[in-house]
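If you count the sequence shown from 1, position 266 lands on 266 in UniProt numbering, and the numbers rise without skipping.
For every residue, glycine included, the Cβ atom is placed at its ideal position computed from N, Cα and C.
Heads up: the structure comes next, in structure tokens.
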Amino acid sequence: MVELQTSGVSGSNRLSSVPRVAFKIGKWVTLEYRVNDDDEFLEIEWTVGPVPIDDKKGKEVIVRFDAGNSIASDSTLYTDSNGLEFMKRVRNHRDTWNLTLHDNQETVAANYFPITTGAYIKDAKRQLNVVTDRAQGAASLVDGQVEVMVHRRLLADDDKGVGEHLNETEAVYDSANKKLVTKGLAVRGNFFVNVDSAEDGMRSLRSKMESQFFRPLAVFRKPVASGVEAKVPWLAVGEFPPNVGLTTLQELSKQCLLVRLSHLYAVEEHSTLSQPATVDFSSLFSVKNSVVSEVTELTLTGTKELSVEGEEIGGLEWKTTDEAYGWSPRSLPVKGTSVTLQAIEVRAFRVCFGKGEEEEVGATVVEDDSDLVEADGTDVDSWDEEGDSFGYALQDLAEMIAMG
């Protein structure tokens with residue numbers, strides 16, 4: 001155990017009114033707590049390093065969140081599986097074999113699990129959520145606690161086959177002595193933490209994961225032709241169901257987009273938000289003087305249509321020992337311009353546009369762009385590639401998303 005001296009300061013940044021409290025722990029650890037009025041999560045920025053090794057001892061640095069007796073987590077931690085479903089982790093237990101541990105060091109190592117977006121513990125009343133900004137290791141070694149390893153610097157190998165101790169360094173220029181010196185790495189990152197009710201804990205966790213890892217991207221471009229109105233809100237983001245995420249928006253051609261949608265909740269994670277969600281592309285996209293003319297489901301890679309001549313592309317079928325849930329894993333087919341996503345589904349679509357008098361009129365699915373028709377039977381002209389470029393339109397769309 002390394003004893004560190006702590007000093008704290010509080011106040012607000014000159015450029016913002018966000019309340020913050022900073023703690024300097026020794027000479028190489030800093031924690032800053034921030035509370036945002038419009039966020040139900042506490043933000044913690046940590047800075048660690050260079051980790052000192054003057055005492056010839058390696059060190060592993062963790063941040064531990066302790067709910068005390070407020071959450072009886074029953075030896076259970078939940079960690080994300082690459083940002084999708086959460087895996088149940090029971091301390092000192094494996095589902096498929098008998099786990100034998102020989103000492104305290106093995107107990108710690110055996111109960112650390114990888115996380116890429118977050119972890120949580122819960123009981124019948126409360127849920128403690130931790131969202132991270134990078135892949136890390138997490139554990140719950142005591143009920144009511146979650147700890148995440150943020151840095152380590154080791155001087156010995158564990159003889160497990162790597163043959164190299166984890167002592168990462170960097171070379172920096174010492175201007176005073178005019179020479180390069182080698183020191184350990186300094187690392188900075190963020191956690192987002194909150195406590196919610198057991199009924200609503202997954203809503204707050206999933207919402208924070210989505211907002212944290214799909215932040216708006218600022219886009220800059222040169223002025224476009226006067227015929228394209230850059231300020232038109234091309235994508236009505238507010239019309240997205242609360243349990244659906246926009247994963248990909250990519251230009252395929254002058255008339256078509258590749259759109260990937262994801263259902264944000266797993267089976268039985270939430271009483272209402274885990275239910276199937278329907279998205280209508282004709283109302284989702286608002287494009288001037290055009291309508292959604294065709295929606296075709298693609299394989300998740302976006303390289304080919306999911307069905308050919310009415311026959312679905314075959315996939316792997318897994319044999320299971322039981323039927324844990326009474327729901328069909330098969331995706332529901334596209335109906336006109338609408339699609340229904342089931343829990344935790346990720347699906348890809350080609351969405352094509354044609355010109356029309358009205359902006360929000362749906363269209364029947366057609367095979368030939370030259371024969372586009374609206375739902376009421378009137379003709380729809382295909383997009384004029386020499387006129388309003390869909391490429392410019394997509395740039396405006398990206399700008400609107402960034403500004404929104």
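In the DSSP assignment, find the unbroken beta strand (DSSP E) run with residue i in it and report its ends.
| i | result |
| --- | --- |
| Val150 | Gln145 to Arg153 |
| Phe192 | Val187 to Ser197 |
| Gly201 | Note, Gly201: premise wrong, no beta strand (DSSP E); alpha helix (DSSP H) at Gly201 to Phe213. |
| Gln39 | In the sequence under discussion, the amino acid at residue 39 is Asp, which differs from the Gln named in the question. Per DSSP, Asp39 belongs to no beta strand (DSSP E) and is neither H nor E. |
| His263 | Cys256 to His263 |
| Arg347 | Val346 to Lys355 |
| Gly118 | Gly118 to Lys122 |
| Val18 | Taken as a continuous stretch (DSSP letters only), Val18 belongs to no beta strand (DSSP E), as it is neither H nor E. |
| Pro114 | Phe113 to Ile115 |
| Glu297 | Ser290 to Leu298 |
| Glu138 | Glu is not the amino acid found at residue 138; the sequence shown has Ala there. Element bounds for Ala138: Gln136 to Ala139. |
| Arg126 | Arg126 to Thr132 |
What three-state label does DSSP hand residue i in the structure shown?
| i | result |
| --- | --- |
| Ser382 | Low confidence applies to Ser382: its pLDDT is 44, below 50, so where it sits in the model is not reliable, and the reading given next is rough at best. If DSSP states are grouped into helix, strand and coil, Ser382 belongs with the strands. |
| Gly161 | coil |
| residue 457 | The chain is shown only over 1 to 404; residue 457 falls outside these bounds and no answer can be derived. |
| Asn82 | coil |
| Ser70 | helix |
| Ser175 | coil |
| Glu60 | strand |
| Arg89 | strand |
| Ile44 | strand |
| Ala398 | Its pLDDT being 49, under 50, Ala398 is placed unreliably by the model, and nothing is read from it. |
| Phe240 | coil |
| Gln275 | coil |
| Phe220 | coil |
| Leu77 | strand |
| Gln342 | coil |
| Glu305 | strand |
| Leu180 | strand |
| Val51 | coil |
| Val267 | coil |
In chain order, what residues of the same chain lie with their CB nearer than 8 Å to the CB of residue i, ignoring the 5 residues before and after it?
| i | result |
| --- | --- |
| Pro241 | Ala277, Thr278 and Val279 |
| Ser197 | Lys125, Arg126 and Gln127 |
| Glu168 | Arg153, Gly184 and Leu185 |
| Gly83 | Thr116, Thr117, Met209 and Phe213 |
| Gly163 | Asp157 |
| Ile53 | Lys59, Arg153, Leu155, Asn167 and Gly184 |
Just reading off the alpha helix (DSSP H) that residue i is part of, what are its end residues?
| i | result |
| --- | --- |
| Gln105 | Asn104 to Ala110 |
Is it true that the CB of residue j sits closer than 8 Å to the CB of residue i?
| i | j | result |
| --- | --- | --- |
| Glu45 | Asn36 | no |
| Phe86 | Ala266 | yes |
| Gly137 | Tyr112 | yes |
| Leu298 | Ala348 | yes |
| Ser70 | Ile121 | no |
| Val292 | Thr337 | yes |
| Val48 | Val187 | yes |
| Leu273 | Arg215 | no |
| Asn129 | Asn194 | yes |
| Ser346 | Leu300 | Here residue 346 is Val; the residue named in the question, Ser, does not match the sequence. Yes, they are a contact pair. |
| Phe23 | Leu31 | yes |
| Gly201 | Arg134 | no |
Just how far apart, CA to CA, sit residue i and residue j?
| i | j | result |
| --- | --- | --- |
| Leu154 | Ile62 | 14 Å |
| Asp376 | Glu294 | With a pLDDT of only 41 at Asp376, under the threshold of 50, the placement of this residue in the model should not be trusted, and no figure is reported. |
| Leu99 | Ala171 | 43 Å |
| Arg34 | Leu332 | 43 Å |
| Glu268 | Thr76 | 18 Å |
| Val21 | Arg350 | 48 Å |
| Asp80 | Lys179 | 45 Å |
| Val142 | Thr107 | 12 Å |
| Leu306 | Lys335 | 14 Å |
| Asp157 | Gly58 | 11 Å |
| Arg89 | Thr321 | 21 Å |
| Val18 | Leu166 | 37 Å |
| Ser175 | Val181 | 10 Å |
| Leu101 | Thr296 | 53 Å |
| Asp103 | His270 | 39 Å |
| Tyr78 | Tyr173 | 44 Å |
| Ala343 | Arg260 | 15 Å |
Take residue i and list the residues in its own chain whose beta-carbon comes closer than 6 Å to its own, dropping the five residues that flank it on each side.
| i | result |
| --- | --- |
| Gly245 | Glu210, Ser262 and Leu264 |
| Gly302 | Leu258 and Ala348 |
| Arg91 | Ser75 and Asn111 |
Excluding sequence positions up to five away, which residues of its chain have a Cβ less than 7 Å from the Cβ of residue i?
| i | result |
| --- | --- |
| Thr132 | Ile115, Thr117, Gly118, Val148 and Phe191 |
| Gly68 | Gly144 |
| Cys256 | Arg350, Val351 and Cys352 |
| His151 | Val48, Gly49, Val51, Val61 and Val187 |
| Arg206 | Leu264 and Tyr265 |
| Leu252 | Leu258 and Arg350 |
| Lys304 | Leu298 |
| Gln250 | Leu257 and Leu258 |
Can you determine whether any heavy atom of the ligand ATP sits closer than 7 Å to the C-beta of residue i, and answer yes or no?
| i | result |
| --- | --- |
| Leu205 | Among the components of this structure there are no ligands whatsoever, and the ligand ATP is therefore not found. |
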